[in-house]
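Data first, discussion second: the structure below is written as structure tokens.
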Amino acid sequence: MLLLLLIVVGLGVVLTRDLLKATMLFAIYSLTIAGLFAALDAGDVALTEAAVGAGISTILILAVLALVPRHEKRRGGHNLAALFTVLVTGAALVYASLDLPEFGAADNPVHQHVGPYYIEQTYSDMGIPNLVAAVLAGYRSIDTMGEAVVILTAGIAVYALLSVPPRRRRKKGPPA
Amino acid sequence: MKDNPILVVVARFLIPLVMLFGLYVQFHGEYSPGGGFQAGVIFSAGWILFVFVYGLETGLRIIPPGVIYTLASLGVLLYCFIGLLGVILGGRFLDFYPLLESPHAAQQAGIILVEFGVGVTVATVVMLFFLMFARRRGEEIAGGLDPDAEDEPQPDEDDWR
Chain A
1 MLLLLLIVVG LGVVLTRDLL KATMLFAIYS LTIAGLFAAL DAGDVALTEA
51 AVGAGISTIL ILAVLALVPR HEKRRGGHNL AALFTVLVTG AALVYASLDL
101 PEFGAADNPV HQHVGPYYIE QTYSDMGIPN LVAAVLAGYR SIDTMGEAVV
151 ILTAGIAVYA LLSVPPRRRR KKGPPA
Chain B
177 MKDNPILVVV ARFLIPLVML FGLYVQFHGE YSPGGGFQAG VIFSAGWILF
227 VFVYGLETGL RIIPPGVIYT LASLGVLLYC FIGLLGVILG GRFLDFYPLL
277 ESPHAAQQAG IILVEFGVGV TVATVVMLFF LMFARRRGEE IAGGLDPDAE
327 DEPQPDEDDW R
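Taken in order, these protein sequences are the chains called A and B.
The opening position of the first sequence corresponds to residue 1 in my numbering, with each subsequent residue numbered one higher.
The opening position of the second sequence corresponds to residue 177 in my numbering, with each subsequent residue numbered one higher.
In structure tokens:
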């Protein structure tokens, strides 16, 4: 049911020319994915998707839309090469997905690697019940430090791009 | 939006709750879903809602830009400092066990501190993003460019409803 809603909303995002409407639909899309994650018992990912995908990215896209025209320019014609590439890639992915192991089976490769160690040892190692927090900040804390640095770098990049005053570049406006 | 009483009342009620929930997600992250990233995002969403209602000037009076820049760097520095503290106390980089006597308490203290660093950085960087875009819009309007000039509804170009 949620997947169906996801497809409908995704098509809506692609088809609409109104970027504000696309932003709102994208927020609904993120919220639906968050619901799916929650249904799969992935609370941390669901919370992240709801807060970042549905919340902050929507606000940031709206902030960008406040700077650019609201409607997408219509372009004539179709790009057949792009359609062909998308169809071939999609068909290849669907074909590959037939070979995936059964969803949720206990002997899948993903459950044979380091997962069991974390599940068995986290509480005796760290004494905290949330495995995800333990893995992110404890076992894999250098990765998380890298992520924090990436966020700071993104902030610096946005600051560098937007702190210079805008040039008067638009020709179409009425001569002031 | 200050003159819309419904928005102001709802926002006044919601902003503390949003920020409180952000802090809950931050400091309760070892027991329930959550952590620094989500908490930072939720906390800054509270501030952005405040800016939507009261305007950017008021929002910047509460958290000045200098504080935003400083905290964004301090969050990452706190993370690295906790990592180096483990080295100083005789462990490895980002090794939390040397921090305290009891291994569990040491791990929990380390995790809480680094997550706090992540949360501070994420919250302030998101505020910085919003601040830069909002300022840019103000500059464009002040510079005689109207960002909304092409925003007239164009119903014939809208083929999805």
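Every residue gets a Cβ at the ideal spot worked out from N, C-alpha and C, and that includes glycine.
With DSSP as the reference, please indicate the residues paired to residue i in a beta bridge.
{"i": "residue 18 (chain A)", "result": "A:71"}
Tell me whether residue i is buried or exposed, calling it buried when 16 or more other Cβ atoms sit within 10 Å of its Cβ.
{"i": "residue 264 (chain B)", "result": "exposed"}
{"i": "residue 40 (chain A)", "result": "exposed"}
{"i": "residue 181 (chain B)", "result": "exposed"}
{"i": "residue 163 (chain A)", "result": "exposed"}
{"i": "residue 71 (chain A)", "result": "buried"}
{"i": "residue 224 (chain B)", "result": "buried"}
{"i": "residue 219 (chain B)", "result": "buried"}
{"i": "residue 209 (chain B)", "result": "buried"}
{"i": "residue 268 (chain B)", "result": "exposed"}
{"i": "residue 303 (chain B)", "result": "buried"}
{"i": "residue 288 (chain B)", "result": "buried"}
{"i": "residue 95 (chain A)", "result": "exposed"}
{"i": "residue 145 (chain A)", "result": "buried"}
{"i": "residue 77 (chain A)", "result": "exposed"}
{"i": "residue 74 (chain A)", "result": "exposed"}
{"i": "residue 44 (chain A)", "result": "buried"}
{"i": "residue 102 (chain A)", "result": "exposed"}
{"i": "residue 14 (chain A)", "result": "exposed"}
{"i": "residue 335 (chain B)", "result": "With a pLDDT of 47 at residue 335 (chain B), under the threshold of 50, the modelled position of that residue is not reliable, and no figure is offered here."}
{"i": "residue 175 (chain A)", "result": "Residue confidence for residue 175 (chain A) is low, a pLDDT of 47 falling below 50, so the modelled location carries little weight and cannot support an answer."}
{"i": "residue 255 (chain B)", "result": "buried"}
{"i": "residue 1 (chain A)", "result": "exposed"}
{"i": "residue 312 (chain B)", "result": "buried"}
{"i": "residue 189 (chain B)", "result": "exposed"}
{"i": "residue 29 (chain A)", "result": "buried"}
{"i": "residue 84 (chain A)", "result": "exposed"}
{"i": "residue 179 (chain B)", "result": "exposed"}
{"i": "residue 153 (chain A)", "result": "exposed"}
{"i": "residue 286 (chain B)", "result": "buried"}
{"i": "residue 307 (chain B)", "result": "buried"}
Considering just the uninterrupted stretch of the alpha helix (DSSP H) at residue i, what are its terminal residues?
{"i": "residue 186 (chain B)", "result": "181-203"}
{"i": "residue 49 (chain A)", "result": "Per DSSP, residue 49 (chain A) belongs to no alpha helix (DSSP H) and is neither H nor E."}
{"i": "residue 285 (chain B)", "result": "279-318"}
{"i": "residue 226 (chain B)", "result": "212-230"}
{"i": "residue 116 (chain A)", "result": "115-126"}
{"i": "residue 90 (chain A)", "result": "80-97"}
{"i": "residue 263 (chain B)", "result": "241-264"}
{"i": "residue 148 (chain A)", "result": "141-162"}
{"i": "residue 208 (chain B)", "result": "Here residue 208 (chain B) belongs to no alpha helix (DSSP H), and DSSP marks it neither H nor E."}
{"i": "residue 66 (chain A)", "result": "That residue, residue 66 (chain A), is in no alpha helix (DSSP H); it is neither H nor E in DSSP."}
Given 8 Å as the limit, tell me if residue i has its C-beta closer than that to any heavy atom belonging to the ligand FAD.
{"i": "residue 42 (chain A)", "result": "Absence of the ligand FAD from the depicted structure is noted, as is the absence of any ligand whatsoever, leaving it without description."}
What does residue i touch in chain C if you count any residue whose Cβ is under 7 Å from its own?
{"i": "residue 213 (chain B)", "result": "This model lacks chain C altogether; the protein chains it does include are A and B."}
(request) Could you please tell me which residues of the stretch 99-131 of chain A, in chain order, have their CB closer than 8 Å to any CB of chain B? (result) Contact annotation: in the stretch 99-131 of chain A, residues whose CB is within less than 8 Å of a CB in chain B are 125, 126, 127, 128, 129, 130.
### Residues in the stretch 47-67 of chain A having any Cβ partner in chain B nearer than 8 Å
Residues passing the 8 Å Cβ filter: 47, 48, 51, 52, 55, 56, 59, 60, 63, 64, 66, 67.
- Contact residues within the stretch 290-310 of chain B, judged by C-beta distance below 8 Å to chain A: Hits within the stretch, in order: 290, 291, 293, 294, 297, 298, 300, 301, 302, 304, 305, 306, 308, 309, 310.
### Message
Counting only Cβ-Cβ distances shorter than 8 Å, please list the residues of the stretch 186-211 of chain B near chain A, keeping chain order.
### Response
The residues in question are 201, 205, 206, 207, 208, 209, 210, 211.
Worksheet item: Along the stretch 132-159 of chain A, what residues have a CB closer than 9 Å to any CB found in chain B?
Response: For the stretch 132-159 of chain A, residues whose beta-carbon sits nearer than 9 Å to a beta-carbon of chain B comprise 132, 133, 134, 136, 137, 138, 141, 142, 144, 145, 147, 148, 149, 151, 152, 154, 155, 156, 158, 159.
If you measure beta-carbon to beta-carbon, which residues of the stretch 254-268 of chain B are closer than 8 Å to chain A?
-> Against chain A - using a Cβ distance shorter than 8 Å - the residues of the stretch 254-268 of chain B are 255, 256, 259.
Beta carbons nearer than 7 Å to chain A: which residues of the stretch 276-290 of chain B have them?
The residues in question are 280, 283, 284, 287, 290.
Requested in this report: Taking only beta carbons into account, state which residues of the stretch 216-235 of chain B come closer than 8 Å to chain A, listed in chain order.
Outcome: Listed by position along the chain: 217, 218, 220, 221, 224.
Residues of the stretch 3-36 of chain A with a CB closer than 7 Å to any CB of chain B: list them in chain order, please.
So the close ones are 12, 15, 16, 17, 18.
Which full runs of the alpha helix (DSSP H) of 4+ residues lie inside the stretch 19-45 of chain A, going along the chain?
-> If we require 4 residues or more, the alpha helix (DSSP H) runs fully inside the stretch 19-45 of chain A come out as 19-39.
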